[in-house]
Amino acid sequence: MEELAGELDGLPLALKQAGAYITHTPGITVAAYLELLRTAPARALAAHVRRRSGPGSDAQEVVARVWAVTGQRIGRQSPFAVRVLRVLACYAPDELPCAVLHGLDGAGPAEVAEALGVLVSYSMITRSPDGQLVSVHRLVQVVTLAGLPGHERAEARSTAADLLQAALPEGSERISSWPVYASLLPHSRVALPAESPGMGAVVDYLRASGDYRTAKTLQQRHAGALHDTLGPDHPDTLTARANLAYWTGMAGDAAAARDLYAGLVLVRERVSGTERPDTLAARANLATWTGEAGDAAAARDLYEVLVPVRERVSGTEHPATLAARANLAYWTGAAGDAAAARDLYEVLVPVRERVPGTEHPATLAARANLAFWTGMAGDAAAARDLFAMLVPVRERVSGTEHPDTLTARANLAHWRKQARGYR
Numbered sequence: 001m002e003e004l005a006g007e008l009d010g011l012p013l014a015l016k017q018a019g020a021y022i023t024h025t026p027g028i029t030v031a032a033y034l035e036l037l038r039t040a041p042a043r044a045l046a047a048h049v050r051r052r053s054g055p056g057s058d059a060q061e062v063v064a065r066v067w068a069v070t071g072q073r074i075g076r077q078s079p080f081a082v083r084v085l086r087v088l089a090c091y092a093p094d095e096l097p098c099a100v101l102h103g104l105d106g107a108g109p110a111e112v113a114e115a116l117g118v119l120v121s122y123s124m125i126t127r128s129p130d131g132q133l134v135s136v137h138r139l140v141q142v143v144t145l146a147g148l149p150g151h152e153r154a155e156a157r158s159t160a161a162d163l164l165q166a167a168l169p170e171g172s173e174r175i176s177s178w179p180v181y182a183s184l185l186p187h188s189r190v191a192l193p194a195e196s197p198g199m200g201a202v203v204d205y206l207r208a209s210g211d212y213r214t215a216k217t218l219q220q221r222h223a224g225a226l227h228d229t230l231g232p233d234h235p236d237t238l239t240a241r242a243n244l245a246y247w248t249g250m251a252g253d254a255a256a257a258r259d260l261y262a263g264l265v266l267v268r269e270r271v272s273g274t275e276r277p278d279t280l281a282a283r284a285n286l287a288t289w290t291g292e293a294g295d296a297a298a299a300r301d302l303y304e305v306l307v308p309v310r311e312r313v314s315g316t317e318h319p320a321t322l323a324a325r326a327n328l329a330y331w332t333g334a335a336g337d338a339a340a341a342r343d344l345y346e347v348l349v350p351v352r353e354r355v356p357g358t359e360h361p362a363t364l365a366a367r368a369n370l371a372f373w374t375g376m377a378g379d380a381a382a383a384r385d386l387f388a389m390l391v392p393v394r395e396r397v398s399g400t401e402h403p404d405t406l407t408a409r410a411n412l413a414h415w416r417k418q419a420r421g422y423r
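Using the UniProt record's numbering, the letters of the sequence shown correspond one by one to residues 1 to 423.
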């Protein structure tokens, strides 16, 4: 065993795999195994890995020699197990749900489980105690892929991506789907092409679950890939750019979001037209992120220009028009004119109550803003009374512990205190 340890440079992974081979191969001795490691095929694979990996790849070369020997035996025992390992090499190394592999080459759960069992017996992979997750050492992944011809490596990666995309649930914004997306996220980042629908679904999940930083990172890849494959003016590319801008802002960089939307608006106006819905949406987002970046007056001015266009193009009671009017009111107040903001909300609230309904979230938000800017305009008693009427509705509609309910209650307490001087 000392000679074997020296031959394998004392690498624990290689020694474990060598021990597994010797254990599962009747009649093989350590001396005979050493001879197999020194054969031309084993050395050829190690040399191939060295050429692909460059300096510092000694551990990879050792594992390559072990794999050359073990791979031949596994291939004779279960060719499908070799196929499974090639696909596994294309994912992140840790904890892939075994169910992702179901359907590989038409195989069912039993066939996949049998193949995984073969790989486990030779220490090529490990499985979780419940058998539901499979992990592969990074060195095994590198060596497995490095030993394949280019077209076979590409085919393994394509198959891995297809299986993973099929495993992603529909409705990535539904909370019930999030545990599956979370378990597949590390593998999605490695295996899914940036331009694929699956990557788009993963980004949607990240946005919905609030992980805006990761969403931004993956969306950059997604948008760049669509730009390269579909062209800069393709609708999907422009949608991806809009999403990148939004998630950039939500990740905390409002100024960068503003700049991204500024560039997008110019393209939208040229490609889609100045009054198309996507163009107007980009203009609205440019205005919002301009304000979020610190220039409330500029945001107000942008919305002042946008609102009449929205009213003419979409109609005075279209949801996007009402949203633009609400934003105009908000940024008017944020720019320092509380009385004008109050007046704008005062006109908006009755429309909101009629169109979406008296208990619609947008209506309740408008009522809250009317109350707030009424107080900021100097009438604390009126603000108190407006919040006093709003809180019971919030409690009934949203629940007593909903963030919006708690905010309304906090505002009621604040304006009650402020109004004491008006009695």
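Beta carbons are placed, not taken as given, at the ideal position from N, Cα and C, and that holds for glycine.
Residue i and residue j closer than 9 Å at C-beta
i           : j    : result
V351        : L322 : yes
L386        : R367 : yes
L192        : V202 : yes
A255        : R213 : no
A156        : C90  : yes
L34         : L11  : no
V118        : I74  : yes
P97         : S183 : yes
D79         : Q141 : What sits at residue 79 in the sequence shown is Pro, not Asp. Taking 9 Å as the Cβ cut-off, P79 and Q141 do not qualify as a contacting pair.
L104        : T159 : yes
A115        : V84  : yes
V100        : L163 : yes
A326        : A362 : yes
L302        : R283 : yes
D228        : E195 : yes
residue 425 : R270 : With the chain covering 1 to 423 only, the question about residue 425 has no answer from this structure.
Residues bridged to residue i (per DSSP)
i    : result
V134 : L96 and R127
Close-in-space but distant-in-sequence residues of the same chain around residue i (CB under 7 Å, 5 per side omitted)
i           : result
A334        : G291 and A296
L230        : D236 and T237
L15         : A5 and L8
V69         : Y21, L36, L37 and A42
Y122        : Q17, A20, Y21, H24, T70 and I74
residue 480 : With the chain running from 1 to 423 in the structure shown, residue 480 is simply not present.
T374        : R342, A382, A383 and L386
Spatial neighbours of residue i in its chain, beta-carbon cut-off 8 Å, leaving aside the 5 residues before and after
i    : result
L139 : L13, A59, Q60 and V63
L280 : L306, V309, R310, V313, S314 and A320
G273 : T279
T407 : A368
Residue i versus residue j: straight-line alpha-carbon distance, rounded
i           : j    : result
R423        : A371 : For R423, the predicted model reports a pLDDT of 49, less than 50, meaning its position is unreliable and no value from the coordinates is stated.
R416        : E275 : 45 Å
residue 425 : E353 : The structure shown has nothing for residue 425, since the chain only spans 1 to 423.
S314        : D204 : 27 Å
T332        : A299 : 8 Å
D379        : H414 : 13 Å
L226        : R153 : 23 Å
N369        : Y330 : 8 Å
L364        : G421 : 28 Å
E111        : H102 : 9 Å
A257        : R241 : 10 Å
D211        : T217 : 10 Å
A388        : H402 : 17 Å
R127        : V136 : 9 Å
L390        : T400 : 12 Å
V349        : L328 : 14 Å
G224        : A208 : 22 Å
A340        : R189 : 48 Å
R221        : A215 : 10 Å
A324        : R86  : 53 Å
Buried versus exposed, by CB contacts within 10 Å (16 or more), residue i
i           : result
V305        : exposed
E170        : exposed
M199        : buried
E317        : exposed
A410        : exposed
R342        : buried
H187        : buried
G71         : buried
H151        : exposed
L266        : exposed
M124        : buried
D253        : buried
L132        : Here residue 132 is Gln; the residue named in the question, Leu, does not match the sequence. With fewer than 16 Cβ atoms within 10 Å of its Cβ, Q132 is classed as exposed.
G294        : exposed
residue 426 : Given that the chain is displayed from residue 1 to residue 423, the structure contains no residue 426 and the question cannot be resolved.
Neighbourhood of residue i by C-beta, 6 Å cutoff - its chain only, sequence neighbours within 5 removed
i    : result
Q219 : V203, N243, L244 and W247
S398 : D404 and T405
heavy atom of the ligand GTP below 8 Å from residue i C-beta
i  : result
G6 : Looking at this structure, you won't find the ligand GTP or any other ligand, since it has none at all.
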